[in-house]
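Residue numbers (UniProt numbering), protein chains in the order written: chain A, 1 to 332; chain B, 1 to 398. For glycine and all other residues, C-beta sits at the position ideal for the given N, C-alpha and C.
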Amino acid sequence: MSEEVTIARTTARDDISPAAQVRRATFVLVGSAVLGALALPWLSTSYATTLAIEIMIAAIFASGINLLVGTTGLVSLGQGMFLGLGGYGIGIGTTVLGLPLWLSVPATLVLVATLAAAIGAVCTRTRGVEFLLITLAFSQMFYGAAIKLRLTNGSDGMSGIPRPDLGLLGLNADSPVVFYYYILLVTMLAVAAVWRIAESPFGSVLAAIRESERRAAAMGYAVSSYKVGAFVVAAVTCAVAGILQSQYTYFINPDSMSWQLSGEGVLMVIIGSTTAVAGPLVGAAVFVLAKQGLSVLTTEYMLFFGIFFMLVVAFFRNGVVEAFKSAFRSKP
Amino acid sequence: MKRTGILAAAMLFAAGAASQVALAEDLPPLKIGLMLPYKGVYAVPSEGIDRGFQVALAEYGNSVGGRRVEVVRADDELTPNVGVQQFNRLVQLEKVDLVAGVVSSSVGIAVSGLADKAATPLVLVNTFADEITAKFCSPYVARTSFSANGFQYNSGKYWATHGIRTAVIMGPDYSAGHSFLDAFKRGFQEAGGKIVQEIWTPFQKTKDWGAALTQASNSGAQIIYSFYAGAEAVQLVKQHADFGLREKLPLVGDHWIYDQLNWSALGDLIVGPEFITTYLPTAKTEANERFVARYREMFRQDPEVNAELGYDNGKAIMLTLEKLGGRIPADKSQFIATMRGLVFDSPRGKVRFNASNSALLEKVYVVKIKKDPAGNLLPTYVDEFAGAEDLPGCTKSF
Numbered sequence: 001m002s003e004e005v006t007i008a009r010t011t012a013r014d015d016i017s018p019a020a021q022v023r024r025a026t027f028v029l030v031g032s033a034v035l036g037a038l039a040l041p042w043l044s045t046s047y048a049t050t051l052a053i054e055i056m057i058a059a060i061f062a063s064g065i066n067l068l069v070g071t072t073g074l075v076s077l078g079q080g081m082f083l084g085l086g087g088y089g090i091g092i093g094t095t096v097l098g099l100p101l102w103l104s105v106p107a108t109l110v111l112v113a114t115l116a117a118a119i120g121a122v123c124t125r126t127r128g129v130e131f132l133l134i135t136l137a138f139s140q141m142f143y144g145a146a147i148k149l150r151l152t153n154g155s156d157g158m159s160g161i162p163r164p165d166l167g168l169l170g171l172n173a174d175s176p177v178v179f180y181y182y183i184l185l186v187t188m189l190a191v192a193a194v195w196r197i198a199e200s201p202f203g204s205v206l207a208a209i210r211e212s213e214r215r216a217a218a219m220g221y222a223v224s225s226y227k228v229g230a231f232v233v234a235a236v237t238c239a240v241a242g243i244l245q246s247q248y249t250y251f252i253n254p255d256s257m258s259w260q261l262s263g264e265g266v267l268m269v270i271i272g273s274t275t276a277v278a279g280p281l282v283g284a285a286v287f288v289l290a291k292q293g294l295s296v297l298t299t300e301y302m303l304f305f306g307i308f309f310m311l312v313v314a315f316f317r318n319g320v321v322e323a324f325k326s327a328f329r330s331k332p
Numbered sequence: 001m002k003r004t005g006i007l008a009a010a011m012l013f014a015a016g017a018a019s020q021v022a023l024a025e026d027l028p029p030l031k032i033g034l035m036l037p038y039k040g041v042y043a044v045p046s047e048g049i050d051r052g053f054q055v056a057l058a059e060y061g062n063s064v065g066g067r068r069v070e071v072v073r074a075d076d077e078l079t080p081n082v083g084v085q086q087f088n089r090l091v092q093l094e095k096v097d098l099v100a101g102v103v104s105s106s107v108g109i110a111v112s113g114l115a116d117k118a119a120t121p122l123v124l125v126n127t128f129a130d131e132i133t134a135k136f137c138s139p140y141v142a143r144t145s146f147s148a149n150g151f152q153y154n155s156g157k158y159w160a161t162h163g164i165r166t167a168v169i170m171g172p173d174y175s176a177g178h179s180f181l182d183a184f185k186r187g188f189q190e191a192g193g194k195i196v197q198e199i200w201t202p203f204q205k206t207k208d209w210g211a212a213l214t215q216a217s218n219s220g221a222q223i224i225y226s227f228y229a230g231a232e233a234v235q236l237v238k239q240h241a242d243f244g245l246r247e248k249l250p251l252v253g254d255h256w257i258y259d260q261l262n263w264s265a266l267g268d269l270i271v272g273p274e275f276i277t278t279y280l281p282t283a284k285t286e287a288n289e290r291f292v293a294r295y296r297e298m299f300r301q302d303p304e305v306n307a308e309l310g311y312d313n314g315k316a317i318m319l320t321l322e323k324l325g326g327r328i329p330a331d332k333s334q335f336i337a338t339m340r341g342l343v344f345d346s347p348r349g350k351v352r353f354n355a356s357n358s359a360l361l362e363k364v365y366v367v368k369i370k371k372d373p374a375g376n377l378l379p380t381y382v383d384e385f386a387g388a389e390d391l392p393g394c395t396k397s398f
């Protein structure tokens, strides 16, 4: 990989603009990341595969949050509610109503989208700290419902959530390796979709709203509908993460809707970068690995994790990805 | 006489162990993952469980069938998602042969589903919620303590037949709280008692019981019957006293409300109230005296209920491993099946398992703490009753 990067750099020095240079390096990096991800189960231990699964699920979650935080400039502290709703959706669909998974998943996503449109219509009337608090309030409401309702089994949560039946392909999704590829596929699709949306004209309007909401409105865009749209897409993305999370652990409980989880998601976005596509991915990886690594070293890892986070914010003001990019640009 | 008996048994055991050493010399050590919430609300009880567990292993010289036994610790932080991560770490990275421990029922439910899929034996220490060995039962999961119903159902009957007609129940709003207090409620109501009010406080998030205690004192009940553990128990007992309710509306509960590990924090508040417990450190049985002696030797203090539960957990594992000659069978559910067949004398009494791998309680004591002239706190026997059977609900056959 280092060899390829060098090639990219030497050619770039001659006749290609710095922007193209970064683009090419990114292409190589993404390419090797995908190849590495494909080969991972053969190259490493089963535990690394499990960690990778956790990273990818976190990355989808963070991508959803980034569409609000990074692209649209709305900092939400309630995205955990959609993660939880995703898990509870298929939990109720499959274990209570007895529906097959292929029906439960789309039904859940449609329901989450509808609900997010309603919640988003209320929340996006506010901005800044108010937006943060109202999303937090909604998520606490759903948390409360999940912990109180008999249907969702209270704090026990719902267990027995099925993984996809891949019997037709002769595969068993209970196997970590098979499940890994399933997650990898969904992650690539989800991240690509979020990326396309952020790059689309729709995404450009969201960015315009982030930069100056008044100017965007003055240009004739229906700002509030765009914000609700971003809210819905973010919610559905988080719900996808929730579905995968509940399949990974075979269960869902109210903890998956906690505000701490929403906060962790925002942290991942900030660690990675709010402005780069790969930001949430890198942020999720750094978050999961740092937490895991520190917790193996010491039981007081939360303290060091806090320090680590402060260092990241202090030294990589725009996140790890942007820091990498600027380091690359400043090379002669 | 007794002494020579023990000595002879020890020598026989040593000879047996020595002969097995020769056989199994080249086998790698057995690894047991011990997952407990070492920090947070249940930090103190977890410490007790960990120590009891160590005592059980030390009894076997930390080896069985000639194989050394290693313990790998993990902290589940009382959170199911962290529990799942730590369980995966223990099984996949540390390659443990089985996982022991687990205090919170919520974490227990999450990891037992995982143990079932991963076909890894899971030997739960606490996780008293009835559904763990009922609705969520698995051939790979056993519990060495008891179920909420086993502990509290007959307690309800006991208090209802000992002069208490009305009660308020108060507890943490999560699976164990509901399981314990619902079991009490069933027994209490069946014996003619009346639950005037139910008060549930958010688990791990409550610091102030003012509102709950005001509601309770306005209810007109005779007692508050409650379950709390760890730091929450200390807070409640203190605030209950601050509200001046000790005479008017006594706080009745179990050995976690008045946990021995909290006595130093409670001071004289511990003297007086009656509560139920599964373990009497002063019990004059051989199993208990041996346990107390070894515990004192290792930790220079007296064991209490959490240590006893940890000991039972370790003891059941070691007895099972001993029966299997230090080898985990290829079909790992056979490990749990072997454990299910055990009957042994534990410090708390005779331990046996039911068909869905849940250990049963032989008896429950009612005790009261008295202070002797020298200022020592002594648990004093008041009464006892039998433990109840578990609730049905396990539909799997194994």
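(request) Could you check what DSSP says for Q85(B) in three-state terms: helix, strand or coil? (result) Looking at Q85(B) - three-state DSSP - the assignment turns out to be helix.
(message) So for V75(A), helix, strand or coil by DSSP?
(response) Assigned with DSSP and collapsed to three states, V75(A) falls in coil, not helix or strand.
(request) Alpha carbon to alpha carbon, how far is S112(B) from S106(B)? Give it in angstroms, no decimals. (result) So the alpha carbons of these two residues sit roughly 10 Å apart.
(message) Give the list of continuous alpha helix (DSSP H) stretches no shorter than 4 residues that lie fully inside the stretch 158 to 215 of chain B.
(response) With a minimum length of 4 residues, the continuous alpha helix (DSSP H) runs that stay inside the stretch 158 to 215 of chain B are 175 to 190.
(message) Strictly under 7 Å for the Cβ-Cβ distance: is K396(B) near chain A by that measure?
(response) Taking Cβ atoms only, chain A never reaches closer than 7 Å to K396(B), which makes this a no.
(request) Would you please verify whether the beta carbon of P121(B) is less than 7 Å from any beta carbon of chain A? (result) It does not; no Cβ of chain A falls within 7 Å.
(request) Return the chain-ordered list of same chain residues with a C-beta closer than 7 Å to the C-beta of F251(A), the five sequence neighbours on each side being excluded. (result) In the same chain as F251(A), and ignoring 5 residues on each side of it, the C-beta atoms closer than 7 Å to its own belong to G157, M158, S159, I161, in chain order.
(message) Can you pull the chain B neighbours of F309(A), defined as C-beta to C-beta under 7 Å?
(response) For F309(A), none of the residues of chain B pass the 7 Å Cβ criterion, the least Cβ distance being about 18 Å.
(request) Just the C-alpha distance for V96(B) and E70(B), rounded to the nearest angstrom, thanks. (result) Near 9 Å, if we compare the C-alpha coordinates of E70(B) and V96(B).
(request) Assign K194(B) to buried or exposed, taking buried as 16 or more other Cβ atoms, counted over all protein chains shown, within 10 Å of its Cβ. (result) It is exposed - the Cβ of K194(B) has fewer than 16 other Cβ atoms within 10 Å.
(message) Beta carbons nearer than 9 Å to chain A: which residues of the stretch 221 to 243 of chain B have them?
(response) With the criterion set as a beta carbon lying under 9 Å from some beta carbon of chain A, the stretch 221 to 243 of chain B has no members that meet it.
(request) Return the chain-ordered ranges of every beta strand (DSSP E) run that is complete within the stretch 312 to 367 of chain B and spans a minimum of 3 residues. (result) With a minimum length of 3 residues, the continuous beta strand (DSSP E) runs that stay inside the stretch 312 to 367 of chain B are 343 to 346, 349 to 352.
(request) Can you have a look at T94(A) and say buried or exposed, based on whether 16 or more other CB atoms are within 10 angstroms of its CB? (result) The residue in question, T94(A), is buried, as its Cβ has 16 or more Cβ neighbours within 10 Å.
(request) Pick helix, strand or coil for Y182(A), following the three-state DSSP scheme. (result) When secondary structure is reduced to three states using DSSP, Y182(A) falls in the helix class.
(message) Using the Cβ count rule (16 or more neighbours within 10 Å means buried), how would you classify I169(B)?
(response) Buried is the call here.
(request) Look at the alpha carbon of residue 402(B) and the alpha carbon of Q79(A), and state the distance between them as a whole number of angstroms. (result) Since the first residue of chain B shown is 1 and the last is 398, residue 402(B) is not available in this structure.
(request) Closer than 8 Å, Cβ to Cβ, to anything on chain A: give me those residues from the stretch 56 to 84 of chain B, in chain order. (result) Of all residues in the stretch 56 to 84 of chain B, only D75, T79, P80, N81, V84 come within less than 8 Å of chain A when Cβ atoms are compared, listed by chain position.
(request) Mind checking the stretch 150 to 178 of chain B against chain A and listing, in chain order, the residues whose C-beta falls within less than 8 Å of any C-beta there? (result) Within the stretch 150 to 178 of chain B, the residues whose Cβ lies closer than 8 Å to some Cβ of chain A are D173, Y174, S175, H178, listed in chain order.
(message) Based on DSSP bridge pairs, tell me the residues matched to T277(B).
(response) Paired residues: Y365(B).
(request) Counting only the same chain and skipping the five closest in sequence on each side, list residues whose C-beta sits under 6 Å from that of E211(A). (result) No residues qualify anywhere along the chain.
(message) According to DSSP, K370(B) sits in a beta bridge with which residue or residues?
(response) In DSSP, K370(B) forms a bridge with L378(B).
(message) Short of 8 Å Cβ to Cβ, which residues in the stretch 95 to 125 of chain B face chain A?
(response) Listed by position along the chain: S105, S106, I109, A110, G113, L114, K117.
(request) Measure from the C-beta of F304(A) to each C-beta in chain B and report whether the shortest distance is under 7 Å. (result) Between F304(A) and chain B, the shortest Cβ-Cβ separation is not below 7 Å.
(message) In the DSSP output, which residue or residues are listed as bridge partners for Y225(B)?
(response) Note: Y225(B) sits in a beta bridge opposite I169(B), V252(B).
(message) DSSP three-state label for V71(B), please.
(response) In the structure shown, V71(B) sits in a strand (DSSP, three-state: E or B).
(message) Can you find the residues in the same chain that come closer than 7 Å, C-beta to C-beta, to P172(B), ignoring five residues on each side of it along the sequence?
(response) For P172(B), where only same-chain residues beyond five positions count, the Cβ hits under 7 Å are T201, F203, Y228, E232.
(message) Any beta carbon of chain A sitting closer than 7 Å to that of Q189(B)?
(response) Contact with chain A is absent for Q189(B), since none of that chain's Cβ atoms lies less than 7 Å from the residue's Cβ.
(message) Measuring only the C-alpha atoms, how far is T206(B) from G253(B)?
(response) Cα to Cα, T206(B) sits roughly 18 Å from G253(B).
(request) Determine the direct distance from the alpha carbon of V266(A) to that of Y90(A), and round the result to whole angstroms. (result) Tyr is not the amino acid found at residue 90(A); the sequence shown has Ile there. Within the model, the alpha-carbon separation for I90(A) versus V266(A) is close to 25 Å.
(message) Do Y226(A) and V240(A) have their beta-carbon atoms positioned less than 7 Å apart in this structure?
(response) No, these two residues do not count as a Cβ contact at 7 Å.
(message) Would L27(B) pass as an interface residue toward chain A - the criterion being a Cβ-Cβ separation below 7 Å?
(response) No, no contact with chain A.
(request) Could you tell me whether the Cβ atoms of V223(A) and A117(A) are closer together than 7 Å? (result) Their beta carbons are not under 7 Å apart, which means V223(A) does not touch A117(A) by this criterion.
(request) Take V21(B) and list the residues in its own chain whose beta-carbon comes closer than 6 Å to its own, dropping the five residues that flank it on each side. (result) Per-residue confidence for V21(B) stands at a pLDDT of 48, beneath the threshold of 50, marking its modelled position as unreliable; the derived number appears in the next sentence. Answer for V21(B): G66, listed in chain order.
(request) Determine, using beta carbons only, whether Q54(B) comes closer than 7 Å to chain A. (result) No, Q54(B) lies away from the interface with chain A (no Cβ there is under 7 Å from its Cβ).
(message) One question on the structure: do G87(A) and G242(A) come within less than 7 Å of each other, judged by their Cβ atoms?
(response) Contact: yes.
(message) Taking the straight line between their C-alpha atoms, what separation do you get for G73(A) and R214(A)?
(response) In a straight line, the C-alpha of G73(A) is about 14 Å away from that of R214(A).
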